[in-house]
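A.B. asks: So the number in my numbering is just where the residue sits in the sequence shown, counting from 1, plus 300.
Each residue gets a CB set at the ideal place from its N, CA and C atoms; glycine is no exception.
Okay, here's the structure, questions in a sec.
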Amino acid sequence: MPKDVIDPELQEWGKSSDFTDLYLKSVQTYKRLFENCQAGSKVEVAMIRLIMIPLMDKALEEPENILMMHHFCIKEEYVYHQAVSIGLIGG
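Next up, the structure:
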């Protein structure tokens, strides 16, 4: 499926200039993908790549932000923040 059919907001995805905004947007998108998987949808690996690659690029430009990610996490969404953070650090 073309990405413009999957999610029109992806056209603006990597254009955010702020790491924090991009990180929080990545967590919310991952949360939506995770909940879709729980509901029986297939894992959208291509979508996960589309949200993680711009975040990794931004982290390489500003590596000090990686140490600040734990400040953005809230208890109710820990699982989603953990997945994105570990993916970013591991990538």
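If contacts are defined as beta-carbon pairs under 8 Å, then Phe-372 and Leu-324 qualify, I think. What distance do you get, rounded to the angstrom?
C.D. replies: In the sequence shown, counting from the first residue as 1, residue 372 sits at position 72. In the sequence shown, counting from the first residue as 1, residue 324 sits at position 24. Right, the Cβ-Cβ distance comes to about 6 Å (below 8 Å), so this counts as a contact.
A.B. asks: How big is the Cα-Cα spacing for Phe-319 and Gly-340?
C.D. replies: One-based indexing of the sequence shown puts residue 319 at position 19. One-based indexing of the sequence shown puts residue 340 at position 40. Computed Cα separation, rounded: 31 Å.
A.B. asks: Note down, in chain order, each residue of its chain lying with its Cβ closer than 6 Å to the Cβ of Ile-366, except the 5 sequence neighbours on either side.
C.D. replies: The count along the sequence shown starts at 1 and reaches residue 366 at position 66. Contacts found: Ala-359.
A.B. asks: Leaving out five residues before and five after Val-379 in sequence, what residues of the same chain have Cβ atoms less than 8 Å from its Cβ?
C.D. replies: Position 79 of the sequence shown holds residue 379. The residues are Phe-334.
A.B. asks: Between the alpha carbons of Gln-382 and Gln-328, how many angstroms are there, rounded?
C.D. replies: The residue labelled residue 382 in the question sits at position 82 within the sequence shown. The residue labelled residue 328 in the question sits at position 28 within the sequence shown. So the two alpha carbons sit approximately 12 Å from each other.
A.B. asks: What separation, rounded to the nearest whole angstrom, lies between the Cα atoms of Val-305 and Met-347?
C.D. replies: Here residue 305 refers to the residue found at position 5 of the sequence shown. Here residue 347 refers to the residue found at position 47 of the sequence shown. In this prediction, Val-305 scores a pLDDT of 43, lower than 50, which makes its location untrustworthy; no coordinate-derived value is stated.
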